[in-house]
Amino acid sequence: MIYTTFVFWLTLVAAQSPLQRPAVHPVPGRATPQGCFGSLSASASGERMKYPASGVCWQRCRQEGKAVMLLHMLNCYCADTYPPRLSILEDEKCDYECFGYSLEACGSAQAYSVFNTGLRMAVESDPDAVDEPEPASSSISASTTFANIGQPTPTSCTPVLTYVEQVADGVSTAVAKFAKMIQVFFDKCIGRPGSNPTKLSSGGTEVMQEAMDL
4 MIYTTFVFWL TLVAAQSPLQ RPAVHPVPGR ATPQGCFGSL SASASGERMK
54 YPASGVCWQR CRQEGKAVML LHMLNCYCAD TYPPRLSILE DEKCDYECFG
104 YSLEACGSAQ AYSVFNTGLR MAVESDPDAV DEPEPASSSI SASTTFANIG
154 QPTPTSCTPV LTYVEQVADG VSTAVAKFAK MIQVFFDKCI GRPGSNPTKL
204 SSGGTEVMQE AMDL
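For the sequence shown, the working numbering gives the first residue as 4, with consecutive numbering after it.
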């Protein structure tokens, strides 16, 4: 007896659960379900309903001349287009009980119950949102920048670098020669400790010539 009562109770609850009716072909002059969607139509405008139900929303949208109505919990939206096709969800996602008619689903917190109002049979859907790829120039620029790290200097700069190196070598050689001349001068003319220095009056010319020949 208890088991039978429990099964009967479950059946009753299931029968009274809010139901998102499956999508069907539009019929002139009638509200026909088109599915449960996860987004709102781009052209939709809506207001809060006192007694949310498809019949109440249907009358409002027909008065506005709109081909699409969307139920979202306590709100009724009217639109000219369906939501994007990629946003369609399983019917079970629309499980919010309409206050005006408890056996009917009025979308859910994250979903919309969508209907055709019967004013137009051929209704377009909003375009699906697709992520735009990054411009090709950005990736090429980045790869080129990283590829150039550690690469040699361009060929156009090679002659300049060669000239700079030659000048540096020349300066280095001149400095070395000058240092050598100073050393010879001190050795010959001033003299080292314990040696006899050469007099400038008699040997200055030979000393300078010897230093310049190095």
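Don't be surprised by glycine CBs; every beta carbon is placed ideally from N, CA and C.
The beta carbons of residue 112 and residue 76 sit closer together than 8 Å. Annotated three-state conformation of residue 60 is helix, per DSSP.
Distance from the CA of residue 88 to the CA of residue 115, rounded to the nearest whole angstrom, comes to 13 Å.
Under the 8 Å Cβ criterion, the stretch 45-56 counts as touching the stretch 92-112, having at least three qualifying pairs. Note on residue 106: under 16 other CB atoms within 10 angstroms of its CB, so exposed under the neighbour-count rule. When the beta-carbon positions are compared, residue 120 and residue 70 come within less than 8 Å of each other. Taking 3 residues as the shortest admissible run, the stretch 25-89 contains the following complete beta strand (DSSP E) segments, listed from N- to C-terminal end: 35-40, 48-51, 71-75 and 78-82.
Taking the CA atoms as reference points, residue 23 sits about 17 Å from residue 86. At a Cβ-Cβ threshold of 8 Å, residue 63 and residue 122 do not count as neighbours. Contact annotation: residue 39 and residue 94 have beta-carbon atoms nearer than 8 Å. Residue pairing from DSSP places residue 117 in a beta bridge opposite 38 and 73. Counting C-beta atoms within 10 angstroms of its own C-beta, residue 117 has 16 or more neighbours from the protein chains shown and is therefore classed as buried.
In this structure, residue 58 sits away from residue 81, with a CB-CB distance that is not shorter than 8 Å. Ranking 96, 110 and 68 by CA distance to the CA of residue 79 puts 110 first. Assignment of residue 95 by DSSP, reduced to helix, strand and coil, places it in the helix class. Here residue 44 really is in contact with residue 129; their C-beta atoms are around 6 Å apart, less than 8 Å. If you draw a straight line from the Cα of residue 31 to the Cα of residue 126, it is about 13 Å long. C-alpha of residue 61 to C-alpha of residue 90: approximately 22 Å in a straight line. The Cβ neighbour count for residue 29, taken over all protein chains shown within 10 Å, is at least 16; the residue is labelled buried.
For residue 124, same chain residues with a beta-carbon under 6 Å away, outside a window of 5 residues either side, are 29 in chain order. Judged by beta-carbon spacing, residue 37 lies within the 8 Å limit of residue 26, meaning their Cβ atoms are closer than that value.
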